[in-house]
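Peer 1: Please read through the structure below; I'll follow up with questions.
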Amino acid sequence: TQLLEQSPQFLSIQEGENLTVYCNSSSVFSSLQWYRQEPGEGPVLLVTVVTGGEVKKLKRLTFQFGDARKDSSLHITAAQPGDTGLYLCAGGQGGKLIFGQGTELSVKP
Amino acid sequence: NAGVTQTPKFRVLKTGQSMTLLCAQDMNHEYMYWYRQDPGMGLRLIHYSVGEGTTAKGEVPDGYNVSRLKKQNFLLGLESAAPSQTSVYFCASSLGRWNTEAFFGQGTRLTVV
């Protein structure tokens, strides 16, 4: 059983569309992180959310941490082909850093 | 500034052979992690270390051993490789308990035939 459940697992959209990726858990996390991974590379940190209800923006990407600190979402506005990649959420628990299954995003021109 | 360096980048093993993957970080991070990545399964934690001389099991530790004799190095060993261990392995490090923002190596692609 995955501690962090991401949905959807695959997403294929046209350039200019909006999308939301979800990361859910039954456990409370002190913080959640979002990473982006391109083929042949290691994941790279995008953002960390710490406070329940927190919203962070990174250009066209908006990240939200749930009030109960059990879930998070990533919203991309007007997606571009350069956004294509694997998006992963992760949470720390007692020294461990646990990842969700990832969302494979493909943005077609 | 190298960050996190993994060696080797590629390896092919025969079933039953052994090997060691090396991870080195130059950021003075306390925590280090080994993950494996398989299609559709994200990153699964194999073992981790919260400091020099300490190691602990992650989600999928069977068939692997680790050692952290020096703070900057974290070694992952496969004593008797099996085809089920064919995967991409990633090492990562982070500052510590209150800051788990992780920095990753480039990965090692291992094939066991």
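Taken in sequence, the protein lines are chains A and B.
Our numbering numbers the first residue of the first sequence as 7 and each following residue consecutively.
Our numbering numbers the first residue of the second sequence as 58 and each following residue consecutively.
From the three backbone atoms N, C-alpha and C, an ideal C-beta is built for every residue, glycine too.
Since we're looking at a predicted model, the values are computed, not measured.
Would you mind working out which of A:25, A:18, A:14 and A:29 sits nearest residue 75 of chain A, comparing C-alpha positions?
Peer 2: Minimum Cα distance to residue 75 of chain A is reached at A:29.
Peer 1: Is the beta carbon of residue 94 of chain B less than 9 Å from the beta carbon of residue 47 of chain A?
Peer 2: The answer is no: Cβ separation not under 9 Å.
Peer 1: Which of the three DSSP states is assigned to residue 108 of chain A in this structure?
Peer 2: Residue 108 of chain A falls in the coil class under three-state DSSP.
Peer 1: Give me the chain B residues within the contact set of residue 111 of chain A, using Cβ-Cβ distance strictly less than 9 Å, ordered along the chain.
Peer 2: Here the premise fails: no neighbours, minimum Cβ distance about 14 Å.
Peer 1: Are three or more beta carbon pairs between the segment 80-87 of chain B and the segment 83-91 of chain A nearer than 8 Å?
Peer 2: No, because fewer than three Cβ pairs between the segment 80-87 of chain B and the segment 83-91 of chain A fall closer than 8 Å, the two stretches do not touch.
Peer 1: Within the 9 Å Cβ cut-off, does residue 76 of chain A reach chain B?
Peer 2: Closer than 9 Å: no.
Peer 1: Mind listing the chain A neighbours of residue 59 of chain B? Cutoff is C-beta to C-beta under 8 Å, in chain order.
Peer 2: Within chain A, no residue comes near residue 59 of chain B; the closest Cβ sits about 13 Å away, beyond 8 Å.
Peer 1: Roughly how many angstroms lie between the CA atoms of residue 108 of chain A and residue 27 of chain A, to the nearest whole one?
Peer 2: Their Cα atoms are separated by approximately 9 Å.
Peer 1: Can you name the start and end residues of the beta strand (DSSP E) that residue 11 of chain A belongs to?
Peer 2: Per DSSP, residue 11 of chain A belongs to the beta strand (DSSP E) from 11-13.
Peer 1: What is the rounded straight-line gap between the Cα of residue 144 of chain B and the Cα of residue 92 of chain A?
Peer 2: Going by the C-alpha atoms only, they are around 17 Å apart.
Peer 1: Beta carbons nearer than 8 Å to chain B: which residues of the segment 42-55 of chain A have them?
Peer 2: Answer set for the segment 42-55 of chain A: 46, 47, 48, 49, 50, 51 and 54.
Peer 1: Starting from the beta carbon of residue 121 of chain B, find every residue of chain A whose beta carbon is closer than 8 Å, and list them in chain order.
Peer 2: Ordered by position in chain A, no residue passes the 8 Å Cβ test against residue 121 of chain B, which lies about 15 Å from the chain.
Peer 1: Write down every uninterrupted run of the beta strand (DSSP E) in the segment 11-49 of chain A whose length is 3 residues or greater and which is fully enclosed by it, in chain order.
Peer 2: Here the runs fully enclosed are 11-13, 16-20, 25-30 and 38-43.
Peer 1: Within 9 Å (strictly less), CB to CB, does residue 71 of chain A reach chain B?
Peer 2: Taking Cβ atoms only, chain B never reaches closer than 9 Å to residue 71 of chain A, which makes this a no.
Peer 1: Mark residue 40 of chain A as exposed unless 16 or more other C-beta atoms lie within 10 angstroms of its C-beta, in which case mark it buried.
Peer 2: Under this definition residue 40 of chain A is a buried residue.
Peer 1: Just grab the DSSP bridge partners of residue 88 of chain B for me.
Peer 2: Answer is B:151, bridged to residue 88 of chain B.
Peer 1: Quick one: Cα of residue 16 of chain A to Cα of residue 100 of chain B, how far?
Peer 2: Straight-line Cα distance between these residues: approximately 16 Å.
Peer 1: Using a Cβ cut-off of 9 Å (strictly closer), state whether residue 15 of chain A contacts chain B.
Peer 2: Yes, its Cβ sits closer than 9 Å to a Cβ of chain B.
Peer 1: According to DSSP, is residue 89 of chain A helix, strand or coil?
Peer 2: If DSSP states are grouped into helix, strand and coil, residue 89 of chain A belongs with the helices.
Peer 1: Report all residues from its chain with a CB closer than 6 Å to the CB of residue 54 of chain A; omit the five preceding and five following residues, and keep chain order.
Peer 2: Answer for residue 54 of chain A: 37 and 39, listed in chain order.
Peer 1: Nearest to residue 68 of chain B by alpha carbon, out of B:135, B:161, B:160 and B:157?
Peer 2: Ranking the options by Cα distance to residue 68 of chain B, first place goes to B:135.
Peer 1: For the ligand ZN, any of its heavy atoms closer than 8 Å to the Cβ of residue 76 of chain A?
Peer 2: Among the components modelled here there is no ligand, and therefore nothing to report on the ligand ZN.
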